[in-house]
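A.B. asks:
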Amino acid sequence: MTLDGSTVLVTGASGMLGGAVARTLAARGARVRTFQRRPAHVDGAHDVLGSLTDSVAVERAVDGCDAVVHLAAKVDITGPEHEYRQVNVEGTRHLLAAARASGARRFVQVSSPSVAHIGGSLVGAPAGPAEPGLARGPYARTKAAAELLALAADSDAMRVVAVRPHVVWGPGDTQLVGRVVARARAGRLPVLGSGAPLIDTTYVDNAADALVAAVTAPDDVCGQAYVVTNGEPRPVVELLRAICAASGAPAPRVHVPGVVARALGGGLDAVWARLPLAGEPPLTRFVAEQLSTAHWFDQRRTREALGWSPRVSLDEGLARLAAASASA
Amino acid sequence: MSSADGRRAPASLPPAGLPGLDPAWSRLVDVPGSGTWHVLDNRDALPAEPVGTILCVHGNPTWSYLWRRLVAAGARADRPWRVVAVDQLGMGFSERDGRVRRLEDRVADLGALTKELGLEGPVVTAGHDWGGVVSLGWAAEHRDVLAGVVLLNTAIHLPPGDRAPAVLRPAMAPGVRTASTVTTTAFLDTTLALAHPTLAPDVRAAFRAPYRTADRRQAIGDFVADIPATADHPSRPTLDRIAAAVSTFDVPALLLWGARDPVFSDRFLDDLSVRLPHADVHRSPRAGHLVGEDEDLAGGVLQWLDARLSAASPQEETPVDASWTPLGAALADRQDDDGPALVELHGGRTRTIPWSLLATRVDELARGLVTLGVQTGDRVAVLVPPGGDLTAVLYACLRIGAVVVVADAGLGVRGLSRAVRSARPAAVVGIERALVAARALGWSSTLVAAGPVRRRLRRALGVVATLPEVADLGRVSAVDLPTPGPGDEAAVLFTSGSTGPAKGAVYTQRGLSAMRDAVGRTYGVGPDHPFVAAFAPFALLGPALGATTASPDMDVTAPRTLTARALADAVRAIDGRVVFASPAALAGVLATQGDLTPADRAALAEVTTFLSAGAPVPERLLAEAAELLPRAALHTPYGMTEMLPVTDIDLAGIRAAGPGDGVCVGRPVAGADVRISALDADGCATGEPTAEPGVVGEVLVSGPHRKVRYDRLWLTEQASSRDPGAHRTGDVGHLDAEGRLWVEGRLAHVVVTADGVVTPVGVEQRVDEVPGVVRSAGVGVGPRGTQQLVVVVEPQAPAREVVADEQLAAAVRAAVAPLRVAAVLVAARLPTDVRHNSKIDRAAVAAWADAVLAGRRARL
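As they're listed, the protein sequences go chains D and V.
So in the numbering used here, spot 273 of the first sequence is number 273, and the numbers just go up one at a time.
So in the numbering used here, spot 636 of the second sequence is number 1636, and the numbers just go up one at a time.
1. Restricting to Cα atoms, I'd like to know which of V:G1725, V:P1050, V:L1700, V:L1808 is closest to D1731 (chain V).
2. So, are the CB atoms of R1106 (chain V) and Q1088 (chain V) less than 8 Å apart?
3. Taking a contact to mean a Cβ-Cβ separation below 8 Å, would you say A1539 (chain V) touches P1386 (chain V) in this structure?
4. Is R1859 (chain V) close to chain D, meaning its C-beta is less than 8 Å from at least one C-beta of that chain?
5. If we count the other Cβ atoms within 10 Å of its Cβ and call it buried at 16 or more, is L1013 (chain V) buried or exposed?
6. Report yes or no: is there a C-beta of chain A within less than 8 Å of the C-beta of E90 (chain D)?
7. Are the CB atoms of A1478 (chain V) and T1466 (chain V) nearer to each other than 8 Å?
8. Three-state secondary structure (DSSP) at E90 (chain D)?
9. Which residues does DSSP pair with I1840 (chain V) in a beta bridge?
10. With a threshold of 8 Å between beta carbons, is A294 (chain D) in contact with chain V?
11. What would DSSP say about C1397 (chain V), mapped onto helix, strand or coil?
12. What does DSSP give as the partner residue(s) for T1352 (chain V) in the beta ladder?
13. Please report the distance separating the alpha-carbon of A1419 (chain V) from that of S1444 (chain V).
14. Are the CB atoms of A1873 (chain V) and G1299 (chain V) nearer to each other than 8 Å?
15. Given this structure, state the Cα-to-Cα distance separating L1411 (chain V) from V1792 (chain V), to the nearest angstrom.
16. Look at the alpha carbon of A1279 (chain V) and the alpha carbon of T1154 (chain V), and state the distance between them as a whole number of angstroms.
17. How many angstroms separate the CA atom of S247 (chain D) from the CA atom of L321 (chain D)?
18. Comparing the C-beta of R1829 (chain V) with each C-beta of chain D, is any distance below 8 Å?
19. K1115 (chain V): buried (16+ other C-beta within 10 angstroms of its C-beta) or exposed?
20. What are the residues that DSSP puts in a beta bridge with P165 (chain D)?
21. Step through the CB atoms of chain D and report whether any lies within less than 8 Å of the CB of Q1788 (chain V).
22. Within 10 angstroms of its Cβ, does L268 (chain D) collect 16 or more other Cβ (buried), or is it exposed?
23. Does D209 (chain D) get closer than 8 Å to chain V when you measure Cβ to Cβ?
24. By the DSSP assignment, the beta strand (DSSP E) with Y1211 (chain V) in it spans what residues?
25. Cβ closer than 8 Å: which chain V residues qualify as neighbours of A196 (chain D)?
26. By DSSP, does R106 (chain D) sit in helix, in strand, or in coil?
27. Can the beta-carbon of G223 (chain D) be found less than 8 Å from the beta-carbon of Q299 (chain D)?
28. Note down the Cα distance separating R1039 (chain V) from T1238 (chain V), rounded to an integer number of angstroms.
29. Hey, does E232 (chain D) have any beta-carbon neighbour from chain V nearer than 8 Å?
30. Among all the DSSP beta bridges, which residues are the ones paired with R28 (chain D)?
31. Which residue from V:A1656, V:G1653, V:Y1638, V:L1596 puts its Cα closest to that of L1628 (chain V)?
32. May I have the straight-line CA-CA distance separating P80 (chain D) from T1184 (chain V), to the nearest angstrom?
33. If we count Cβ pairs, one from each stretch, closer than 8 Å, do we get three or more for the stretch 1042–1060 of chain V versus the stretch 1116–1131 of chain V?
34. Taking R1424 (chain V) and D1270 (chain V) to be in contact with their CB atoms under 8 Å, please state how far apart those CB atoms are, rounded to whole angstroms.
35. Give the straight-line distance between the Cα atoms of P171 (chain D) and S325 (chain D), rounded to the nearest whole angstrom.
36. Helix, strand or coil for T1474 (chain V) per DSSP?
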């Protein structure tokens, strides 16, 4: 399908990536509607406010749309699983049904490589099948279930494609950059083990381009999941240092052996689950594992199917991050 | 004790899910009067009419699972083969009827099965272990349909007085046999443990699947009991009959052998080679008893069938140059010349061997060897340090067409033994130490001593003669010397082992003569142009070139011991203008140049050609040499054991070429040709050989001084010479517009990224220029096709962390841009190969980087 003149719904546009997707679509001539709980502040886009768990609001948002890019999700690292399920699984189920009913022809399910990750290192990995029973943590498990729902809904009337951007970051990012910088400033950013495991990430503009490419990609590539990254893995310690340097935060200094970190993280997970403590534990087992194993992917299939390749290199992205934080 | 009833079990299908096994292949075939067989048969999967059938027979204690890859591969689109792999009765998933079967029964049973299957020709039999004997027994009775035989680690003959393969003996002692083979899984487990590398757990489990209970293992014990270990064993007559029949086979034969087999050792391969002299042999030094698990058996067998059973006529090389001058011709011509042939400087003394003496000595040794029974085509391993004796023995062997087997002591005792043993020498000529090893390690039974040997040891070793005695024999002998032809084999030269287990490169008489001519033409040595050989192999070529050769005072086994003064003395001794040396010898000379007298310097200043060969030489070393040898052109050749020299370049040429991707090794020498087979996106050298500039790919070399084949490595030879007339070197590089070759690394070390193929040497050269870097390795991590380029640096100053700091990482990335580097790692010391101590072991570095970058702990 072409973007020019068509109406595209972007859910979760108040986030960094959702906002970037909405802006990119608008710039490419689409009529953009956004759907989330608070205003998205995207110029030229029409905000529909509401929650994914509210089926009436969902139907209103999707009515008359040609395509949907579904980013809205509960993305935290901790919390009770049923809350994730309600938003990530049931919310997606509502949205799929409503989109199909209103005649949308393309549905882009924004997913995550973590849906297929059942532990250990990912080294040049392909996009494996989503594993709702085996994925690590409530976010990944519920996103896995949601991806399976979405791909099962792929039909001639509405083509569904799942895109899994890996570790999206950029100026204004509260997830990776925000957390790294906050911890570095507090002197609590450890390097686990050697800090050598290779981690691939995705600069926000590249992820947005890939999602827009998924809206216009040929029908025959739909019904499948694609991992999206910059294709530039780096040792985790190098990434942390670079993000800190670009953000004006002190470099990580404390080195914690990987085994210790995982044990520590596991203990803290348990404590946080039992005590009414606010916010996130300083280091969860999940995070510890993420930081001490490799995560990078084979990008050949994605690039060919979506006809997309990253425009912004890692170094260019870091320069943009530095420029943004200097002007902030 | 289990009852006979307990041992009975009907045939069944294997359980589902065994790795590599398609359930659709399995059939149960009821053969009246014999039993119900389980067989694997790819008939229904064949895409077209098959060329023929491969009938596969497993040994003890395996089952048809052993042949699964061949069953799968046979059903290829082009020229498919039907593959029938049987489970012998009582074994695998075939019926257990409680009967004890002897060899004769097994051969008859197999015949009944193939009759039931209606198997028609052509049939190629394939057998492993004791299944080899059964398959040959079938073959002997079905000569009308027999088209070929394939044998994997088997034995057809137990020599009289011999008992059985040593490892099997305990299992054959009656009391122990039942315990080890039937009651327990000891024999089964021991056999499965013979795989190199270790079997994957699921494959191992699949091999064990039919032998879960003692009742199901009864036939394993019966099989061992049926080994005709003694002369009066009931199966002995059958075995002897089969063995005799095999000697009359004239169909193509392939012997695929794992050399690391404690059961079926080399002597069984030797026996089969004698019975089937036309057989193609692939003896893999890495593989063991389960050679089919260790090697790509399926690909190898099909490739062999294509080569030997297809209608296409064999590709025979037409000689490039019909005229041929034997290697020893120049020496023989100077039988009456009392001028110096060899000048050996040692400890302040000079020993001069005149042409007349050397020629006479060679003639005497040649006659003496013939008198001792050495014949044209016999192999003679020569383990003698460089010097007059070595030179004389080599020329004597070449004179009579005996094939000299030469391996470098640098391989170490194990590597050397593996190499010499694999060449099956009829005789060994060696110094005392070598003869001790030859006897202990079973290289050969005929030993000739070079140099002193203690009398008692001589008797203990069974030395037949010393070299002086051989010469004495020759002096009084009236035998006619045979006249070898240009196409006869002349030498088996072993590779250095720096790129895998040493391989024997076979040269013909013509090939060695061509090597002489290439060296003579390229470096201007000949009758009126004497040279100094500070690198021993060149000393051997002197007599062939008719050039007086001086050997400087040095320990030839440690080239670094060459001093500047010793070199100057040697130059003066023959008024030489040409010096052949190695990088280590050159380093020794440069390190001691302070000791030179003005007269020494004057002598060295007369040198016009200096060659450094044997290992890559850093340009810096050549530049230093230029100051010491102001008039000399400083050459370094490129080549390998399989062809030397291929190209040549001198310091001026290196400087003119300037920096580039890889090491510039110059233009092909006269008679040599270099082509490139382009790499595809997967990093495989699939391109048509081309001389087009800029194409990056595997380097192919050809010329008259090339090996004709690898020795007893049929599959390796097929791969290396799949382009007619050329040798695939395993090096990657490109030709430039001036026709110069640039070497960019090894094919096995290319990094295959999603953006294209990256060769390591160019990356390393640029990184080595970064301040603070001693040396570096460019390697790939991750799956081929989407690999990431990683640079591992050995820094001048020790670093604490594995991941390079920001400055170093940034400098390395800038140096190799626009290539993208995922990680820059730091290692205190990069491993180098044992042989040259100069080639970085990129495979080891890559494995380490792969582990570290995946978050695993690893040591380098």
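Don't be surprised by glycine CBs; every beta carbon is placed ideally from N, CA and C.
C.D. replies: Looking at the coordinates:
1. As a first step, residue 1731 (chain V) is located in the second sequence; it is residue number 731 there, counting from the start. Cα-wise, what sits closest to D1731 (chain V) is V:L1700.
2. Stepping through the second sequence from its first residue, residue 1106 (chain V) is reached at position 106. Stepping through the second sequence from its first residue, residue 1088 (chain V) is reached at position 88. In contact: R1106 (chain V) and Q1088 (chain V) (Cβ atoms closer than 8 Å).
3. In the second sequence, residue 1539 (chain V) corresponds to position 539, counting from 1. In the second sequence, residue 1386 (chain V) corresponds to position 386, counting from 1. Cβ atoms of A1539 (chain V) and P1386 (chain V): closer than 8 Å.
4. Here residue 1859 (chain V) corresponds to residue number 859 of the second sequence, with the count starting at 1. No, R1859 (chain V) does not count as interfacial toward chain D.
5. Here the question's residue 1013 (chain V) lines up with position 13 in the second sequence. Answer is exposed; the Cβ neighbour count stays below 16.
6. Within the model displayed, chain A is absent; protein chains D and V are what it includes.
7. Numbered from 1 along the second sequence, position 478 holds the residue referred to as residue 1478 (chain V). Numbered from 1 along the second sequence, position 466 holds the residue referred to as residue 1466 (chain V). Taking 8 Å as the Cβ cut-off, A1478 (chain V) and T1466 (chain V) do not qualify as a contacting pair.
8. For this step, residue 90 (chain D) is matched to residue 90 along the first sequence. Residue state, collapsed to three classes: helix.
9. Here residue 1840 (chain V) is taken as the residue at index 840 of the second sequence, counted from 1. Looking at the DSSP assignment, I1840 (chain V) forms a beta bridge with V:T1832.
10. Here residue 294 (chain D) refers to the residue found at position 294 when the first sequence is read from its first residue. Taking Cβ atoms only, chain V reaches closer than 8 Å to A294 (chain D), which makes this a yes.
11. Residue mapping note: residue 1397 (chain V) aligns to position 397 of the second sequence, counting from 1. Helix.
12. As a working mapping, residue 1352 (chain V) is identified with position 352 in the second sequence. Beta-bridge pairing links T1352 (chain V) to V:V1343.
13. Residue numbering aside, residue 1419 (chain V) sits at position 419 when the second sequence is read from its first letter. Residue numbering aside, residue 1444 (chain V) sits at position 444 when the second sequence is read from its first letter. Distance between the alpha carbons of A1419 (chain V) and S1444 (chain V) is about 13 Å.
14. Residue 1873 (chain V) falls outside the range modelled here, since chain V spans only 1001 to 1860, and no answer is possible.
15. Start at 1 with the first residue of the second sequence, and residue 1411 (chain V) comes out as number 411. Start at 1 with the first residue of the second sequence, and residue 1792 (chain V) comes out as number 792. Their backbone Cα atoms lie some 28 Å apart in a straight line.
16. Taking the second sequence and counting its residues from 1, one reaches residue 1279 (chain V) at position 279. Taking the second sequence and counting its residues from 1, one reaches residue 1154 (chain V) at position 154. Rounded to whole angstroms, A1279 (chain V) to T1154 (chain V) spans 14 Å at the Cα level.
17. By one-based count along the first sequence, residue 247 (chain D) stands at place 247. By one-based count along the first sequence, residue 321 (chain D) stands at place 321. Using only the alpha carbons, I get a separation of about 7 Å.
18. Taking the second sequence and counting its residues from 1, one reaches residue 1829 (chain V) at position 829. Not closer than 8 Å to any Cβ of chain D, the Cβ of R1829 (chain V) fails to qualify, so no.
19. Position 115 of the second sequence, counted from the start, is the residue given in the question as residue 1115 (chain V). Exposed.
20. Here the question's residue 165 (chain D) lines up with position 165 in the first sequence. Paired residue(s): D:V228.
21. The residue labelled residue 1788 (chain V) in the question sits at position 788 within the second sequence. It does: the Cβ of Q1788 (chain V) has a partner Cβ on chain D nearer than 8 Å.
22. Working through the first sequence from its first residue, we reach residue 268 (chain D) at position 268. Note that L268 (chain D) scores 49 on pLDDT, short of 50, meaning its location in the model is unreliable and no value can be drawn from it.
23. Here residue 209 (chain D) is taken as the residue at index 209 of the first sequence, counted from 1. Output row for D209 (chain D): interface = no.
24. Taking the first residue of the second sequence as 1, we reach residue 1211 (chain V) at position 211. Segment: none, Y1211 (chain V) is in no beta strand (DSSP E) and carries neither H nor E.
25. To locate residue 196 (chain D), count along the first sequence from 1; it is residue 196. Within 8 Å Cβ-Cβ: V1802, V1803, A1823, L1825, V1852, L1853, G1855.
26. The residue given as residue 106 (chain D) occupies position 106 in the first sequence. R106 (chain D): strand per DSSP, three-state reduction.
27. For this step, residue 223 (chain D) is matched to residue 223 along the first sequence. For this step, residue 299 (chain D) is matched to residue 299 along the first sequence. No.
28. Walking along the second sequence from the start, residue 1039 (chain V) turns up at place 39. Walking along the second sequence from the start, residue 1238 (chain V) turns up at place 238. As written in the sequence, residue 1039 (chain V) is Val, which differs from the Arg given in the question. Those two C-alpha atoms are separated by around 25 Å.
29. Here residue 232 (chain D) refers to the residue found at position 232 when the first sequence is read from its first residue. Yes, its Cβ sits closer than 8 Å to a Cβ of chain V.
30. Locating residue 28 (chain D) in the first sequence gives position 28, where the first residue counts as 1. Partner(s): none; R28 (chain D) has no beta bridge.
31. Here residue 1628 (chain V) refers to the residue found at position 628 of the second sequence. That would be V:L1596, whose Cα lies nearest to the Cα of L1628 (chain V).
32. Reading the first sequence from its first residue, position 80 is the one you call residue 80 (chain D). Reading the second sequence from its first residue, position 184 is the one you call residue 1184 (chain V). Approximately 53 Å between the Cα atoms of the pair.
33. yes
34. In the second sequence, the residue the question calls residue 1424 (chain V) occupies position 424. In the second sequence, the residue the question calls residue 1270 (chain V) occupies position 270. Yes, R1424 (chain V) and D1270 (chain V) are in contact; Cβ-Cβ is about 6 Å, under 8 Å.
35. Numbered from 1 along the first sequence, position 171 holds the residue referred to as residue 171 (chain D). Numbered from 1 along the first sequence, position 325 holds the residue referred to as residue 325 (chain D). Distance between the alpha carbons of P171 (chain D) and S325 (chain D): 7 Å.
36. Taking the second sequence and counting its residues from 1, the one referred to as residue 1474 (chain V) is at position 474. Before going further, note that residue 1474 (chain V) is Gly rather than Thr in the sequence given. Helix at G1474 (chain V).
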